[in-house]
Each structure stands twice: as structure tokens, then as C-alpha cells.
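Participant: Structure incoming, see below.
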Amino acid sequence: FILSLVGTVANMASTSEGRQFLVTDPNGRELINLLLTTLPDVPEGTGDCLKRVILMSLYNLSINQMGLLMIMDKKELHNELTKNIEDDMNPELRLLSLRLLLSLTMQIPSCQIYDNINRSVPKSKINELTNTTDADMRLLAKDIISNLQQAASKFTDKPENRPFLEFNKCKRKPGDDKSSCSLLKLA
1 FILSLVGTVA
11 NMASTSEGRQ
21 FLVTDPNGRE
31 LINLLLTTLP
41 DVPEGTGDCL
51 KRVILMSLYN
61 LSINQMGLLM
71 IMDKKELHNE
81 LTKNIEDDMN
91 PELRLLSLRL
101 LLSLTMQIPS
111 CQIYDNINRS
121 VPKSKINELT
131 NTTDADMRLL
141 AKDIISNLQQ
151 AASKFTDKPE
161 NRPFLEFNKC
171 KRKPGDDKSS
181 CSLLKLA
């Protein structure tokens, strides 16, 4: 029953109108937060089908700018993606997690979000996947690394191979008293 309901959410999120409804309606936003908090609690093995559909729903939501901002900086999501990417036993969940991570890293809007993502993603495992025989995983891994490198150069003058970026080390635009590190607020 729950799998069917989450499948309905995934189908809603597959259309632009459905995504917009989910991110603007208070009940839709509550549902998104429920998916985010439920994902880490889904049991390994027996709950893989549910995890797959939740990841698809979140990926579909990430296509919408407001949806992306809602889920981009959620630590529990980063931890779950890391766990799935590092798990060699479930290539399907790994692929879905890589797709979602790619979406999360495409246009990182702030230094703080970059810092949180950069600290949590398994960069060594993603680097390993750039040499895998699976073409989809290899391409996703390369694109994620490229996105992180672009974000690193955008938010810091330091090399991107540092373990993390300190919030107070972010670049400031000349003549602008606002840091590029400020979080975007959702309306």
C-alpha cells in the first residue's frame, strides 16, 4: 500500500505541474519532508523497492528549482546517498543515488550547501566509479566530480581536493557586502 502511494507521488513529480504543486502546497511540502525523513529508516533488502521509488520521487522533484532547493541541503539525504553509492550489493540503488547526486550538484547555489555536500559525498568511491565498466555509472561519476570541481572554484580560491571548505573562506563579490555563501530561502 505504501509503495503504491509513494509511486503516485513519483508519478506526480514526473510532470512540471505535479512538481510545482508538491513544492508550493503546504501538504506537498510536508509530504516531501516525510519522504526525506523516511528514506533512512527503510530497511535494507526488503525495503529496496520502496527506496527505489522514493529516490525516483526525489530525483523528479530535483528537476524543479524550488524542489531542488528543498532537498539540496538535507543531511539525511546526503547520508543515504552515500550509503547507497558505497553499497556494492545494489547497483540499481547506486545508479539512482548517483543520478540524484548529479542533480544536487549541478548548480550549487551557496558556499554552505557546497560545503555540506562536499563533506558528505563519498568522493573516493565516486572516483573509483569513473573507471567502472558500467557506462552510465562511469559518466554520472565523472559529471559529479566535474560539478564539485566547478563549485569549488566558484566558492573558493583553494584547490578542490581540500577535505572541506570553511564557510568564512567563501569569495565575496567586489563592492558587494553580501557573501555568496548565504543560503537561499524558500518562499
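Going by UniProt numbering, the sequence shown opens with residue 1, and the numbers climb by one from there. Just so it is clear, CB atoms sit at the ideal spot from N, CA and C, and this is done for glycine as well.
Along the chain, where does the alpha helix (DSSP H) containing Met106 start, and where does it finish?
Facilitator: It is not in any alpha helix (DSSP H) - Met106 carries neither H nor E in the DSSP assignment.
Participant: Just curious, the alpha helix (DSSP H) that Asn64 is in, first and last residue?
Facilitator: Element bounds for Asn64: n/a, residue is neither H nor E.
Participant: Just the Cα atoms here: how many angstroms apart are Gly47 and Ser4?
Facilitator: In a straight line, the C-alpha of Gly47 is about 13 angstroms away from that of Ser4.
Participant: Tell me whether Thr105 is buried or exposed, calling it buried when 16 or more other Cβ atoms sit within 10 Å of its Cβ.
Facilitator: Buried.
Participant: Out of Ser97, Ile32, Asn118 and Asn84, state which residue places its alpha-carbon closest to the alpha-carbon of Ala13.
Facilitator: Out of Ser97, Ile32, Asn118 and Asn84, Ile32 has the C-alpha closest to the C-alpha of Ala13.
Participant: Please check the pair Leu102 and Asp143, which I expect to be a contact at CB under 8 angstroms, by giving their CB distance rounded to whole angstroms.
Facilitator: The pair is a contact, with the Cβ atoms about 5 angstroms apart (cut-off 8 angstroms).
Participant: With distance defined between alpha-carbon atoms, name the residue in Thr133, Gly67, Leu129 and Ala10 nearest to Pro26.
Facilitator: Looking at the Cα atoms, Gly67 is the closest of the given residues.
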